[in-house]
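A short write-up of the structure that comes next.
2 protein chains.
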Amino acid sequence: MKKINHYMHLAIEQARIAESCNEVPIGAVLIDPEGNIKQSSHNLVIGNSDPTAHAELNVIRRECRSLKNERLNGYSLFVTLEPCPMCATAISFARISKIVYGASDRKSGGIEVGPKIFTHSQNHHKPEIVKGINQDICSHLLKNFFKLRR
Amino acid sequence: MKKINHYMHLAIEQARIAESCNEVPIGAVLIDPEGNIKQSSHNLVIGNSDPTAHAELNVIRRECRSLKNERLNGYSLFVTLEPCPMCATAISFARISKIVYGASDRKSGGIEVGPKIFTHSQNHHKPEIVKGINQDICSHLLKNFFKLRR
Numbered sequence: 000m001k002k003i004n005h006y007m008h009l010a011i012e013q014a015r016i017a018e019s020c021n022e023v024p025i026g027a028v029l030i031d032p033e034g035n036i037k038q039s040s041h042n043l044v045i046g047n048s049d050p051t052a053h054a055e056l057n058v059i060r061r062e063c064r065s066l067k068n069e070r071l072n073g074y075s076l077f078v079t080l081e082p083c084p085m086c087a088t089a090i091s092f093a094r095i096s097k098i099v100y101g102a103s104d105r106k107s108g109g110i111e112v113g114p115k116i117f118t119h120s121q122n123h124h125k126p127e128i129v130k131g132i133n134q135d136i137c138s139h140l141l142k143n144f145f146k147l148r149r
Numbered sequence: 000m001k002k003i004n005h006y007m008h009l010a011i012e013q014a015r016i017a018e019s020c021n022e023v024p025i026g027a028v029l030i031d032p033e034g035n036i037k038q039s040s041h042n043l044v045i046g047n048s049d050p051t052a053h054a055e056l057n058v059i060r061r062e063c064r065s066l067k068n069e070r071l072n073g074y075s076l077f078v079t080l081e082p083c084p085m086c087a088t089a090i091s092f093a094r095i096s097k098i099v100y101g102a103s104d105r106k107s108g109g110i111e112v113g114p115k116i117f118t119h120s121q122n123h124h125k126p127e128i129v130k131g132i133n134q135d136i137c138s139h140l141l142k143n144f145f146k147l148r149r
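Protein sequences appear in the order of chains L and X. Residue 57 in numbering that gives the first Met the number 0 is what sits at position 58 of the first sequence, and the numbering runs on without skipping anything. Residue 86 in numbering that gives the first Met the number 0 is what sits at position 87 of the second sequence, and the numbering runs on without skipping anything.
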């Protein structure tokens, strides 16, 4: 549990960096099977002019490129918000073993609501899922970001 | 209809290039609002060691980077196979106006089956969808590819 909180705090730090760059404050950290922190990133949609540059996709793509392998068996992905359907599907393609996330996302999530990516026969790999870790901090960051911009 | 067939043939050409590189034979072409061919690509998952390097994501990322804009309003995307949930969601994020695809994908599709990405309130943009264009050629390419590798 101590380690889970440590990794999630690193993801929250990434979300805060996103906020300071005017990106939606979502952060992610990718952990290898031995528990080493391999990649961290945040939302970069505006900065990179890339609608797919979500924190999750950024860490997955970087680590795969670095390993020269399109699969990340045994890896864990920590992210501040419930992944969207795009990211949930990419997590499945990469064969990531475990996702840990903070806040749930009723509006645009892809796991608990709507497309529920991991529940269909069209999904070919389902990771272990842990949710609700530091959810208050994670959702407060997002609420505050959008409140200031409305 | 003549133009639709022309664009789809270019996507099929891309799928054939993929096959010759031992990538799953799926190709895509991105057309701007004036009908100009702006990007074409094919599956590059193995070659790029990137589980997200589907034909659709490749053309979207390239065009967004080139325009320095994360949205592609008015664009049409032609692809040989029904997009997966990852690509369908990215198409929605990019605000692409129209998708035209060849074969349906009962096994891993994200539009007609399973997560049915565009049918939930968590989806915030639904493009016009045209399907079944040159579906026999598109699905034959895939069937043949997997048959030879089994």
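All C-beta atoms in this analysis are idealised placements derived from N, C-alpha and C, irrespective of residue type, glycine included.
Chain L contact residues for residue i, given Cβ-Cβ distances below 8 Å
i: T51 of chain X; result: T51, L56, I59, R60, A89 and F92
i: K2 of chain X; result: By Cβ distance, chain L contributes nothing, its closest Cβ being about 26 Å from K2 of chain X, past 8 Å.
i: H119 of chain X; result: V112, G113 and P114
Per-residue contacts from residue i into chain L (C-beta, under 7 Å)
i: N68 of chain X; result: S48
i: C83 of chain X; result: T88
Straight-line gap, residue i to residue j (C-alpha atoms, nearest Å)
i: K106 of chain L; j: F145 of chain L; result: 13 Å
i: A14 of chain X; j: S103 of chain L; result: 38 Å
i: E111 of chain L; j: K97 of chain L; result: 15 Å
i: D31 of chain L; j: S40 of chain L; result: 15 Å
i: G109 of chain L; j: Q121 of chain X; result: 8 Å
i: G26 of chain L; j: K115 of chain X; result: 27 Å
i: C63 of chain X; j: I128 of chain L; result: 32 Å
i: V23 of chain L; j: I45 of chain X; result: 31 Å
Proximity to residue i [Cα-Cα], best of the options
i: S48 of chain L; options: X:K37, X:A27, X:L66 and X:S103; result: X:L66
i: F117 of chain L; options: L:R61, L:T51, L:R64 and L:P82; result: L:P82
i: H123 of chain X; options: X:G101, X:S91, X:K115 and X:G73; result: X:S91
i: A93 of chain L; options: L:K130, L:E55 and L:G101; result: L:E55
i: Q134 of chain X; options: X:P84, X:C86 and X:G101; result: X:G101
i: K142 of chain L; options: L:K125, L:L43 and L:T79; result: L:T79
Residue span of the alpha helix (DSSP H) that contains residue i, given as start and end
i: V58 of chain L; result: A54 to L66
i: E12 of chain X; result: K1 to S19
Element boundaries [beta strand (DSSP E), containing residue i]
i: L141 of chain X; result: Segment Q134 to R148 is the alpha helix (DSSP H) holding L141 of chain X; no beta strand (DSSP E) there.
i: E127 of chain X; result: E127 to K130
i: V28 of chain L; result: G26 to I30
i: H41 of chain L; result: I36 to H41
Amino acids of chain X, ordered along the chain, whose beta-carbon sits closer than 9 Å to that of residue i
i: R64 of chain L; result: N47, S48 and D49
Contacts of residue i in chain X (Cβ-Cβ under 7 Å)
i: V44 of chain L; result: E69
Residue i: contacting residues in chain X (beta-carbon distance under 8 Å)
i: S107 of chain L; result: Q121 and H123
Residue i CB to nearest heavy atom of the ligand ATP below 7 Å
i: I90 of chain L; result: Inclusion of the ligand ATP in the displayed structure is not the case, the ligand content being empty and no account of it being possible.
Start-end ranges of the beta strand (DSSP E) lying completely within the region 76–113 of chain L, minimum 3 residues = Whole beta strand (DSSP E) segments, 3+ residues: 97–102.
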